[in-house]
Amino acid sequence: MNNLIAVALGGAVGASARYGTSLLALKLFGTGFPFGTLIVNCIGSLIMGALYAWGDVTNLSPTLKAFVGVGMLGALTTFSTFSNETVLLLQGGYWIKAMLNVLLNVGLCFAMVVCGQQLVYARL
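Taking this note's numbering, the leading residue of the sequence shown gets 1, the next gets one more, and so forth.
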């Protein structure tokens, strides 16, 4: 039951952070490219990499893993929004932006997972 509560609380934190980041990105960058989704996916990937590495070398609490990994990061990052935004770009005829969105989200998020792991491994 503790893990279920941790997931719910983490989800509230992640969803709020995602919403706030999306609003800020719209204000800063406008609507021409889905920067909000890219930003939360990169940040979430960095944190996921760090969480994995931290759990790999320490006895990380299952409740903390549930709070951060499932709840917070599950609500913060999103594949469905990324997919929808890419399809909308394609439907609007913005092929280059659509492909850029795919390449940046996949490439940068993979790189952020590695960075998160390396940040933790370098300190332990």
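Using N, Cα and C, we set each Cβ at its ideal position, and we do this for glycine too.
Item: I5: buried (16+ other C-beta within 10 angstroms of its C-beta) or exposed?; Value: exposed
Item: Could you pull out every residue in the same chain whose Cβ sits closer than 6 Å to the Cβ of L51, ignoring the five residues on either side in sequence?; Value: V68 and G69
Item: Kindly give me the distance between the Cβ atoms of A53 and Y121, rounded to whole angstroms, as I take these residues to be in contact under 8 Å.; Value: 5 Å
Item: Name the residue from L108, L9 and S61 whose alpha carbon lies nearest to the alpha carbon of N41.; Value: L108
Item: Compare the Cα-Cα distances from T37 to each of F110, T86 and N3 and report the closest residue.; Value: T86
Item: Note down, in chain order, each residue of its chain lying with its Cβ closer than 7 Å to the Cβ of G14, except the 5 sequence neighbours on either side.; Value: G71, M72, L73, G74, A75 and L76
Item: In angstroms with no decimal places, state the Cα-to-Cα distance between G149 and L26.; Value: Residue numbering for the chain in the displayed model covers 1 to 124; residue 149 lies beyond these limits and cannot be assessed.
Item: Do M99 and L46 have their beta-carbon atoms positioned less than 8 Å apart in this structure?; Value: no
Item: Roughly how many angstroms lie between the CA atoms of T31 and C115, to the nearest whole one?; Value: 29 Å
Item: N3 to S61, Cα distance in whole Å?; Value: 10 Å
Item: Work out the CA separation of I39 and L89 for me, nearest whole Å.; Value: 18 Å
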